[in-house]
Structures are given as C-alpha cells and as structure tokens.
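Sequence order for the protein chains is L and C. Taking our numbering, the leading residue of the first sequence gets 25, the next gets one more, and so forth. Taking our numbering, the leading residue of the second sequence gets 46, the next gets one more, and so forth. The C-beta atom is built at its ideal place from N, Cα and C for all residues, glycine as well. Just so it is clear, the structure is predicted and the values come from calculations on it, not from any experiment.
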Amino acid sequence: MLFWQILIDGFAVGSLYALGAMGFALIFGVSGVLNLSHGALMVAAVVAAWAAGNDLHVGPYAGAAIGVLVGLVASLVTYFAVVRPLQNSQKIREDEKEIFILTATLLWGIMIQELIAYFYTNNAKTVSPIVGGVINIAGVRTPANELFTAIVCWIVIGVLWLLVNRTRAGKAVLAASMNPRGVTLLGIELPQIYIAVWAIYGVLIGVAGVLLGMFLGVSSYSVGPLTASAFSIVVLGGLGSVSGALIAAYVVGYLETMTAYLISPAYRTIPALLLLVVVMYVRPRGLLGRR
Amino acid sequence: MLKSQTLRILLIGLAVVVAASFLPLGVSGYVLGLLTVAYYFGVFSMAWDLLFGFAGEVNFGPTFLIGTGAYTAGILDNLYGLPIWVCVLAGTLAAVVGGLILALPALRVRGPYFGLTTLVAVLMLQNFIVVDAGLTGGEIGLTVPDVLTISEVVNYQIALWFMAVSGAILFALSRSPVGLILQASGQDDVQAGALGFNVTKHKLFAFIISAFFSGLAGALLVFYFGSASIGTLIDVTVGVQIIIAAVLGGRRTILGAVLGAVFLIAMSEVLRPLGDLSNFTVFALALVVVLVFPNGFFGLLTRHKESV
C-alpha cells in the first residue's frame with residue numbers, strides 16, 4: 025500500500041522535476057548559461073495562472089494558457105534584458121562572464137520574487153486543477169490531477185524530443201549544444217538559436233510551473249528551493265546532458281517522496297542534497313556528464 | 046613601489062577609520078546602529094572578495110560560514126552560559142572547520158559547480174536549523190542571554206575597529222606574494238600550477254581565511270543583535286546582499302567591499318519610504334550597476350590612480 029503510494033507519488037513529482045530541469049539543462053548545454061532566476065520565472069508563471077483564475081475568473085484552461093504565456097515572456101525578457109547584455113559586454117573579461125551571469129540572474133530572480141510578494145503576498149497559491157476527482161490505482165486513492173500531471177509532462181517531453189531530433193531547427197539547436205563554433209561555420213546564426221532555446225525554455229517552465237501550481241501549489245518562498253532543485257538535478261545528471269537530467273529528476277523525486285513518507289516531511293529535501301554532495305565528491309561531472 | 050602604494054592606501058584607510066570613530070559625537074544612536082551592522086556586513090563582503098576576487102572562486106554560500114559561526118556561538122551561550130569570548134572563539138573555529146568540510150569537496154570542482162556546492166551548503170544549513178528547532182529556535186530564531194554591551198557607542202566602536210583590523214589584514218594579504226599567487230590561480234590555474242605553485246593549497250588557505258573572518262564577524266553579530274535567525278544571517282538573500290556589496294564596491298579591491306556594504310545599508314534606509322518595494326529597488330539598482338558598471342566604485346578609483 026505504502027509502496028504503491030510512494031511509487032505513484034514519486035513518479036508524478038519526478039516527471040514534474042524532469043520537465044522543469046530539462047529546460048535548465050538545455051539552456052546550459054547550448055549557451056553555457058546557468059539561469060539562477062529559474063525558480064522565480066516558474067513561480068511567476070504559477071502566480072499568473074492563479075491570478076487569472078482568481079481575479080479575472082477565467083476557466084482553468086485559459087488560466088493555464090496565460091501561465092504558460094507569462095513563462096514564455098518572462099524567459100525572453102530574462103534573456104534580452106539580463107543575459108544578452110552581459111554576454112555582449114566589452115567591459116567584462118570573457119572568463120568572468122559566467123560569474124557575472126550567475127550573479128545577475130540571481131539578482132533578477134530575487135527582484136521577481138520581491139515583486140510577486142509585493143503584489144500577491146507571500147501566501148501559498150494553488151491553481152485550480154484542470155481535471156478533478158480521484159482514481160483508484162492498486163488500492164491507492166490517487167488524485168486524477170496527479171496522473172494528469174505525469175501524462176502532460178511526458179507528452180511535452182516527447183514533443184521536445186521530436187522537435188530536437190526530427191526538425192531542422194531542432195537539429196541546429198542540438199548541434200549548437202555540441203559545438204557552437206561548428207554551427208556558426210555552417211552559416212547558422214547563433215543568436216537566433218539562443219532566442220529559440222530561451223523560447224523553448226520559457227514554454228517548458230511555463231507548463232512545469234502551472235502543473236506544479238495545480239499539484240502542490242507554490243508561494244514566493246518556493247523560488248530558492250525550485251532553483252536549487254533544478255540546479256541539483258542538472259548537476260546530478262551531468263551539466264548539459266538532457267537525458268541525465270531526466271534520470272536524475274526521478275532519482276530526486278523518489279528520494280524526496282520516500283523521505284517524506286518514511287521519515288518525515290520536514291526532512292524532505294535533505295537526502296537529495298546529501299546525495300548531490302556525495303556525487304560532486306565522487307563523480308563531479310554527474311551521472312551522464314561529458315567532459 | 047607596490048609596497049609604498051599598499052602602505053599609502055592603508056594609511057588613508059586608517060585616517061578614514063579614525064575620522065569615523067568620532068562619528069558618535071555627531072550622529073544619532075539610530076544611525077550608529079545602522080553603521081554598526083554595515084561594518085559587520087563589510088567584513089562579510091571583504092572575506093567574500095578574497096575568495097572570489099583573488100582566488101576566482103564564486104562562493105554563493107558566504108552565509109553558510111557566517112551562520113555556522115553565529116549559531117555555534119549562540120547555541121553555546123544559550124546552553125552552557127559560557128563567557129562571550131569563548132563562544133565567539135568556538136563559533137569562529139566551527140566556521141573554519143565548516144569551511145574546510147565545504148572546501149574539500151568543493152575545490153575539486155570549478156566555476157559553476159563550486160558555486161552550486163556552496164549554495165547547497167546554505168540550503169542544508171537552513172534545513173537543519175529548521176528541523177532542529179529545539180536547539181536552534183527554528184524559523185523563529187535563536188535568542189542569546191548575553192550581549193557584547195548595551196552601549197550604542199561601544200558597540201559602534203567595536204564594529205568599526207573590528208572591521209578596520211580585518212580589512213587591514215585581508216588587504217595586506219591580498220597585496221602580499223600569497224595574494225599574487227591566489228590571483229594567478231584564479232585567472233589561470235593550469236599556468237599557475239605549471240609555475241610550481243600549489244593551487245589547491247593556496248585556494249584552501251583563502252577559503253580558511255574567508256571562513257575565519259566570516260565566522261568571527263557572524264559570532265560577534267549574534268552578540269550585537271542578541272539573537273540569530275535565518276532571515277538575518279543565513280537566507281540566500283543575505284548572501285546575495287554580501288555579494289552585491291562586494292561587486293558594487295569593486296571586485297578584487299577588498300576595501301571596496303566596505304564601501305559597498307555601507308552604500309547598500311544607506312540605500313535601503315533612503316528607500317524605506319517605498320515600503321515593501323524598497324528591497325526590490327535596491328536589487329534593481331544593483332543589477333543595473335552590475336550590467337553597466339561592472340568594476341564598481343572602488344574599481345574605477347584605483348584603476349585611475351594606477352594609470353596616474
């Protein structure tokens with residue numbers, strides 16, 4: 025009984041983490057940017073979906089669409105207003121840019137967090153789910169929403185896989201993540217690829233955010249933990265490896281769910297963090313990392 | 046040449062500190078209180094700058110070191126009622142040990158990985174404090190029975206001279222041969238290693254020094270506030286403020302960090318009428334400075350001097 029419960033809950037949580045972390049891995053793989061405003065962008069998408077349902081009284085589908093749209097816009101704004109100026113800056117030494125982007129995106133994330141707290145308070149917000157009701161699986165009463173979350177996650181991951189492996193633009197993105205210079209030699213504009221990747225990232229965090237909002241709910245306090253979980257999943261899987269991130273997301277999802285059920289919800293995030301430290305020590309490049 | 050310039054900057058710094066020590070004659074206790082906090086934050090930022098500006102390692106977890114020092118000192122005082130100086134000493138030691146435990150795995154990795162490890166350390170510490178609420182006071186915070194002194198002026202002078210001494214030591218260190226080796230390791234560790242310098246050993250040294258001053262300042266700050274809490278000492282936002290202070294003041298200058306810290310505290314005071322939006326405005330300003338003015342105030346000043 026408890027076994028099935030953990031199996032099902034962990035799967036849903038893992039799928040959600042996978043979706044959130046894949047965009048993060050994609051951005052790093054293609055442009056070498058670690059976006060520390062990740063959690064803030066996700067929370068912004070959730071709050072938008074919540075506010076649309078609460079203040080504008082739109083239906084759950086329209087609310088979700090608004091959430092995803094806000095995720096997309098926020099992601100593009102992050103790229104154009106924060107990341108790109110630093111990448112093109114003449115005043116910063118090339119080898120220091122990474123650090124500047126880390127600091128600037130962290131600042132940007134906190135700004136978004138403060139704004140959300142100011143306009144919508146620090147209270148937890150739960151987006152009204154698209155599907156309601158409870159389904160009985162192997163004796164476990166599972167909210168249908170939980171299944172819906174896992175299914176949507178996998179559909180989006182599948183679409184992303186097709187996009188990257190089967191379309192021309194997607195292949196260019198894949199190539200850019202392997203060898204940026206080679207791609208420019210082929211006459212593909214790197215900045216356009218960056219824009220495409222940030223747009224994909226925006227949609228991914230938008231969807232992941234809205235699903236998270238329906239499943240667990242978020243508050244402006246979730247910003248730090250969300251960024252940290254994406255970051256640790258990506259590092260655990262190997263920076264830049266999307267499939268590594270996928271596996272790591274389930275490892276973390278199950279570890280957290282098991283801790284919450286078997287020990288105490290208060291300790292939920294600790295084992296995953298410990299695992300991360302161990303992996304960094306034993307195998308710094310992560311499970312499937314190259315280099 | 047370099048020596049005389051170092052000496053001159055230290056003398057100018059001393060003059061500024063002596064001038065600042067007469068401030069209690071002219072300004073209100075409220076301003077003194079603000080400055081006292083700003084000076085402790087200045088030490089945090091200087092310790093951070095040694096690690097980033099010189100060793101080239103971005104430490105997102107300055108608050109891990111600070112928090113370890115602060116909570117160790119606070120808990121010891123709470124449980125056993127030891128004299129303050131014993132608690133402060135123990136806190137500093139705990140921060141150094143914590144720094145070592147953090148640095149050993151973290152220094153195996155570089156760049157963003159190092160940053161992440163330090164960020165994770167902060168989150169873990171935060172988790173443990175919340176979970177062990179019985180010992181640490183959890184999310185509400187820890188109250189200690191003793192304080193350094195209740196006199197605003199004495200507190201101010203302690204903070205000022207503590208900052209001055211720490212600043213002088215850190216600055217002299219950064220200008221010493223060890224500082225040069227650190228800088229070389231930060232910029233190109235392969236070449237520095239090829240020249241025969243033990244890069245890891247020097248970085249570890251920088252980390253320990255950084256941990257020492259962070260822990261010491263953190264422990265002192267607990268006995269100034271009379272309390273410790275996640276929100277004031279450990280939260281990632283606090284760490285970001287320390288980093289911003291160093292970047293605003295100018296990286297690789299050590300002393301600039303103090304200017305940045307005073308500026309930040311003054312700024313949030315000036316912007317207080319904005320209410321809940323004041324934090325947002327401070328961060329937005331900092332972001333603008335990072336984007337258009339990446340060398341900070343002090344960076345421009347000294348660069349100008351060197352070219353003259």
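query: Check the Cβ of C:Ala331 against every Cβ in chain L and list those closer than 7 Å, keeping chain order.; result: Leu131
query: Kindly indicate if chain C contains any beta-carbon less than 8 Å away from that of L:Tyr305.; result: yes
query: Given a threshold of 16 other Cβ atoms within 10 Å of its Cβ, counted over all protein chains shown, does L:Arg103 qualify as buried or as exposed?; result: As written in the sequence, residue 103 of chain L is Tyr, which differs from the Arg given in the question. Buried: at least 16 other Cβ atoms inside 10 Å.
query: Between the beta-carbon of C:Val244 and the beta-carbon of C:Ser221, is there less than 8 Å?; result: no
query: With DSSP collapsed to three states, give me the class of L:Gly34.; result: helix
query: Using the beta-carbon of each residue, which ones in chain C are nearer than 8 Å to L:Tyr142?; result: Asp321, Leu322 and Phe325
query: Using a Cβ-Cβ cutoff of less than 6 Å, which residues in the same chain neighbour C:Gly119 once the five nearest sequence positions on both sides are dropped?; result: Leu187, Val189, Val267 and Ala273
query: For L:Leu126 and L:Val57, I'd like the C-alpha separation in whole angstroms.; result: 8 Å
query: Around the Cβ of L:Gly163, are there at least 16 other Cβ atoms within 10 angstroms (buried) or fewer (exposed)?; result: exposed
query: Name the chain C residues that come within less than 7 Å of L:Tyr291, Cβ to Cβ?; result: Val176
query: Scan the segment 186-262 of chain L and note each continuous alpha helix (DSSP H) run of 4 residues or more that stays entirely inside, going in chain order.; result: 192-202, 204-209, 214-239 and 247-261
query: For C:Gln228, I'd like the list of residues in its chain whose CB is within less than 6 Å of its CB, leaving aside the five on either flank, ordered along the chain.; result: Phe99
query: Residues of chain C with CB under 7 Å from L:Gly248, in chain order?; result: Val281
query: Is there a Cβ of chain L sitting closer than 8 Å to that of C:Met169, yes or no?; result: yes
query: Output yes if chain L places a C-beta closer than 8 Å to the C-beta of C:Asn104; else output no.; result: no
query: Taking the CB atoms as reference points, tell me whether L:Val259 and L:Gly182 lie closer together than 8 Å.; result: no
query: Residues of chain C with CB closer than 8 Å to the CB of L:Met135, please, in chain order.; result: Phe325, Phe328, Ala329 and Leu332
query: Expressed to the nearest angstrom, what Euclidean distance is found between the alpha-carbon atoms of C:Glu197 and L:Gly95?; result: 48 Å
query: I'd like the span of the beta strand (DSSP E) that includes L:Arg165, first residue to last.; result: Val164 to Pro167
query: Are the segment 211-220 of chain L and the segment 251-265 of chain L touching by the rule of at least three beta carbon pairs closer than 8 Å?; result: no
query: Taking DSSP as the reference, what is the three-state secondary structure of L:Leu43?; result: helix
query: Could you tell me the boundaries of the beta strand (DSSP E) in which L:Val155 lies?; result: Taken as a continuous stretch (DSSP letters only), L:Val155 belongs to no beta strand (DSSP E), as it is neither H nor E.
query: Considering only the beta carbon of each residue, do C:Leu121 and C:Tyr201 sit closer than 8 Å?; result: no
query: Can you name the residues of chain C whose CB is closer than 8 Å to the CB of L:Pro308?; result: Arg153, Val154 and Tyr158
query: Return helix, strand or coil for C:Ala273, following the three-state DSSP convention.; result: strand
query: Evaluate the contact criterion for the segment 288-295 of chain L versus the segment 37-51 of chain L: three or more CB pairs, one atom per stretch, below 8 Å.; result: no
query: Going by DSSP in three states, L:Lys149 sits in which element: helix, strand or coil?; result: strand
query: Going along chain L in order, which residues have a C-beta closer than 8 Å to the C-beta of C:Val292?; result: Thr127
query: Cβ atoms of L:Phe239 and L:Asn169: under 8 Å apart, would you say?; result: yes
query: Please classify L:His81 as buried or exposed, where buried requires at least 16 neighbouring CB atoms within 10 angstroms.; result: exposed
query: Is the shortest distance between the beta-carbon of L:Leu300 and the beta-carbons of chain C less than 8 Å?; result: yes
query: May I ask you to list, following chain order, the residues of the segment 99-110 of chain L that have a beta carbon less than 8 Å from some beta carbon of chain C?; result: Val106, Pro109 and Leu110
query: Using a C-beta cutoff of 8 Å, does C:Ile54 count as contacting chain L?; result: no
query: I'd like to know if L:Ala284 contacts chain C, where contact means its C-beta is closer than 8 Å to some C-beta of that chain.; result: no
query: Grab me the residues of L:Gly44's own chain with a C-beta within less than 6 Å of its C-beta, minus the 5 sequence neighbours each way, in chain order.; result: Ala232 and Ala254
query: Going by beta carbon distance, what residues of the same chain come within less than 8 Å of C:Leu164, once the five residues before and after it are set aside?; result: Phe105, Gly106 and Val281
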